[in-house]
Amino acid sequence: MYWLVKREFWEHRGGFFWAPIITGGVFLLLNIMGIIAAEVIGAQHGINFGASGGLRHVIAEMDTGDLSKVGFALDMAMYSAMGLLIVVLGFVVFFYCLSALYDDRRDRSILFWKSLPISDTSTVLSKIISATMLAPIVAVITGIIVGMLQLLILAVTLSFHGVNVWQLLVLAHPFRVMANLIGYIPLYVLWALPSVGWLLLCSAWARNKPFLWAVALPVATGLLVSWFGIMGLFDLPTIWFWKNIVQRGLFSVFPGTGSVFGHQGDIAVTGNQGMDFMDLGNTYQLLASANLWIGVVVGLGLLAGAIWFRRWRDDS
Amino acid sequence: MSAVITASGLTKRYKSALALDNVSFQIAPGRIVGLIGPNGAGKTTALKAILGLTDFTGDLNVLGFDPRKQRGKLMGDVCFIADVAVLPRWIRVHEVVDFVANVHPRFDRAKCEAFLARTKLTPNQRVRQMSKGMIVQLHLALVMAIDAKLLILDEPTLGLDILYRKQFYQHLLEDYFDENKTIIVTTHQVEEVEHILTDLMFIRDGKIVLDSDMDAVGDRFIEVMVGADKADTARALKPLDERQVFGKSIFLFDGANRAALEQLGETRRPSISDLFVATMKGTYA
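Sequences listed follow chains A and B, in order.
For the first sequence, my numbering assigns the number 1447 to the initial residue and increments by one for each residue that follows.
For the second sequence, my numbering assigns the number 163 to the initial residue and increments by one for each residue that follows.
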């Protein structure tokens, strides 16, 4: 299995490895450019925060509550790097799943893979692991590194304005942020399962244009349901369908959608200052929702279908 | 040792046509079998059935396994080269060697590297940068390093120049084949495999029309070159085929009396391609 996943990584090095790295690099570059622009504009207008030691006084005069807000703001700076990576990750996983069981059928290299003593179940399993674990792990590690660099850049910038770097960094919680991000991955695996299952099924089944099938089928059905709804023919739960079939089936590969759509707002936000929304105590409340587990069951069913088609689809 | 492949009543129907029509055959170990037929005769379908890549009706036993149900186990003992360029285009030489070495229990890495050392392939080269001939060299190096009991070659030399084609079969015979291995090969370049085959199978419209070992082919089919004066006598013996060369007629006979034919002219063993053309007459008409 290790080698099967490694094989996926070789094939999709661009999406799994370079996409997050480049995104992270661009993110940092934009930040540095922004800071430089701010400094230049500030200098042109004769504004200089730190020179008089004003900023230092501001910090010195803060009470503990304010300080924890500074810490939270710094944590947010770290998460913000992750935010962009998460969007990229979502796209990478989405298109990876669509092509995973289709591309080798199209270029007939499936005949080579199938000439090796590897069961179709392990092949499909290796693709699931690559999509739901390998890709997020690489993205999270990149996110953490970028986040740390981001903190460092902020700290260095502020130090030019006379603010003590270390005093500030102590206020942030980089390790808690890391733990939260890494800890989110298992939840992502479960939440993404129906989407991954649907996309892999289309990828294994479609004779051509898996993207069109994967997207058009649920959307067309959704439109049909809405159309009947408008005419009042049947009492179909239109909104429910769009939310729970279309959106869940296609977009669950985007991390964080579970926390946004997964519950009906009945989750009590806990934790200090009620601000660390990524706290695992919060995110893992999703485990209590039926939505997640129904998705897991449906996802497993779809994956079984994908394995079956992988075994018997005969068109190369 | 029992047969490597036993098929009985093999039938496969695609939407429009019957690709295999109640086919039965046996292949013994240590043979090199040529499965030869016109385009669309069902060669590839037969190979796919043996490899468990397609569903069918009838009974098929390959190395003691049912390819439909025990494909995973079967592929440990079977190797397969489909027509050229099925190696994934993105993969590098060292990656594919690493991968096969780690997923195939019967792969001998040192052997593979020795084969690769004889080629111009470099470890970091990607398949997409290679010519067709080089891809086949790589694939052959991988396959020959696997100690499989059955090797299936489906048009392995399609689109290669003559140097690569000769080299391909030469390596296969010298460095790979032995009495414990069985090779099934389909090809249109009949002349090239003619001298290495031990058995011959002709397939036409999903049916096996000839299944024989090469010695028996030589006994059964006779070609005679007959002068114009005796041509009518020869025609009376009901030849399979007749063609004209330099004013003489060449007749191909199936199971005729050799002594009688020697009276008519010079006899010889027909080439497989002539035999093929005679047997498949009217296929596309």
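Idealized CB from N, CA, C, for every residue including glycine.
From a predicted model like this one, the values you see are computed outputs, not experimental measurements.
Please return the same chain residues whose Cβ sits closer than 6 angstroms to the Cβ of residue i, not counting the five positions on each side in sequence.
{"i": "L180/B", "result": "G368"}
{"i": "R193/B", "result": "T344, T360, D361"}
{"i": "S1649/A", "result": "L1544, A1546, L1547, Y1548, P1656"}
{"i": "F1700/A", "result": "G1536"}
{"i": "F330/B", "result": "T319"}
{"i": "I253/B", "result": "V289"}
{"i": "G1629/A", "result": "L1726"}
{"i": "E341/B", "result": "G192"}
Using a Cβ cut-off of 9 angstroms (strictly closer), state whether residue i contacts chain A.
{"i": "P267/B", "result": "yes"}
{"i": "T284/B", "result": "no"}
{"i": "D260/B", "result": "yes"}
{"i": "N201/B", "result": "no"}
{"i": "K343/B", "result": "no"}
{"i": "L315/B", "result": "no"}
{"i": "L334/B", "result": "no"}
{"i": "K177/B", "result": "no"}
{"i": "P432/B", "result": "no"}
{"i": "E275/B", "result": "no"}
{"i": "L213/B", "result": "yes"}
{"i": "K311/B", "result": "no"}
{"i": "K205/B", "result": "no"}
{"i": "K294/B", "result": "no"}
{"i": "H301/B", "result": "yes"}
{"i": "N184/B", "result": "no"}
{"i": "N419/B", "result": "no"}
{"i": "E385/B", "result": "no"}
{"i": "E257/B", "result": "yes"}
{"i": "K369/B", "result": "no"}
How about residue i and residue j: do their beta carbons lie closer than 9 angstroms?
{"i": "L1547/A", "j": "K1515/A", "result": "no"}
{"i": "R1571/A", "j": "L1748/A", "result": "Residue identity differs from the one stated: residue 1571/A is Leu in this sequence, not Arg. Cβ atoms of L1571/A and L1748/A: not closer than 9 angstroms."}
{"i": "D1521/A", "j": "V1623/A", "result": "yes"}
{"i": "F1687/A", "j": "V1661/A", "result": "no"}
{"i": "P1563/A", "j": "P267/B", "result": "yes"}
{"i": "D416/B", "j": "L402/B", "result": "yes"}
{"i": "L300/B", "j": "T281/B", "result": "yes"}
{"i": "V1742/A", "j": "L1636/A", "result": "yes"}
{"i": "F1540/A", "j": "L1633/A", "result": "no"}
{"i": "V240/B", "j": "K311/B", "result": "yes"}
{"i": "A169/B", "j": "L222/B", "result": "yes"}
{"i": "L249/B", "j": "F1755/A", "result": "no"}
{"i": "M1528/A", "j": "V1472/A", "result": "no"}
{"i": "L283/B", "j": "V255/B", "result": "yes"}
{"i": "T1567/A", "j": "I1685/A", "result": "no"}
{"i": "K1638/A", "j": "A1577/A", "result": "Note that residue 1638/A is Ala in the sequence shown, not Lys. In this structure, A1577/A lies closer than 9 angstroms to A1638/A by Cβ."}
{"i": "E1454/A", "j": "L1580/A", "result": "yes"}
{"i": "P1620/A", "j": "M1524/A", "result": "yes"}
{"i": "S411/B", "j": "V388/B", "result": "yes"}
{"i": "G196/B", "j": "T395/B", "result": "no"}
{"i": "F242/B", "j": "L315/B", "result": "yes"}
{"i": "V298/B", "j": "C274/B", "result": "no"}
Examine chain B for any beta-carbon lying closer than 9 angstroms to the beta-carbon of residue i, and answer yes or no.
{"i": "L1450/A", "result": "yes"}
{"i": "D1760/A", "result": "yes"}
{"i": "M1757/A", "result": "The sequence shown places Arg at residue 1757/A, not Met. Yes, because at least one Cβ of chain B sits closer than 9 angstroms to the Cβ of R1757/A."}
{"i": "S1605/A", "result": "no"}
Looking only at its chain, what residues have a beta carbon closer than 7 angstroms to the beta carbon of residue i, apart from the 5 residues adjacent to it on each side?
{"i": "D323/B", "result": "G295"}
{"i": "N1477/A", "result": "Q1596, I1599"}
{"i": "Y338/B", "result": "M306"}
{"i": "V352/B", "result": "I198, I434, S435, F438"}
{"i": "V1692/A", "result": "P1664, V1665, G1668"}
{"i": "M442/B", "result": "P200, R366"}
Output needed for residue i: all residues of its chain with C-beta closer than 8 angstroms, excluding positions within five of it in sequence on either side, in chain order.
{"i": "R382/B", "result": "S374, D416, G417"}
{"i": "D1712/A", "result": "Because the pLDDT of D1712/A is 42, which lies under 50, any placement of that residue in the model is unreliable, and the question is left without a value."}
{"i": "I384/B", "result": "L414, F415, A418, R420, L423, T429, R430, R431, P432"}
Which residues of the stretch 242–255 of chain B have a Cβ closer than 9 angstroms to any Cβ of chain A? Give them in chain order.
F242, I243, A244, D245, A247, V248, L249, P250, R251, W252, I253, R254
ask   = Given 8 angstroms as the limit, is there contact between the stretch 191–211 of chain B and the stretch 356–368 of chain B, that is, 3 or more CB pairs closer than that?
value = yes
Any C-beta of chain B within less than 9 angstroms: which residues of the stretch 1546–1570 of chain A qualify? D1549, D1550, D1553, R1554, S1555, I1556, L1557, F1558, W1559, K1560, S1561, L1562, P1563, I1564, S1565, D1566, T1567, S1568
- Query: Which residues, in chain order, does the stretch 215–241 of chain B contribute to contact with chain A at a C-beta distance below 9 angstroms?
  - Reply: L215, T216, D217, R233, G234, K235, L236, M237, G238, D239, V240, C241
Notebook entry, point to check: Between the stretch 1448–1482 of chain A and chain B, which residues of the former have a C-beta closer than 7 angstroms to a C-beta of the latter?
Noted result: W1449, R1453, W1456, E1457
| said: For the pair the stretch 255–271 of chain B and the stretch 1583–1594 of chain A, tell me if three or more CB-CB distances fall below 8 angstroms. | reply: no
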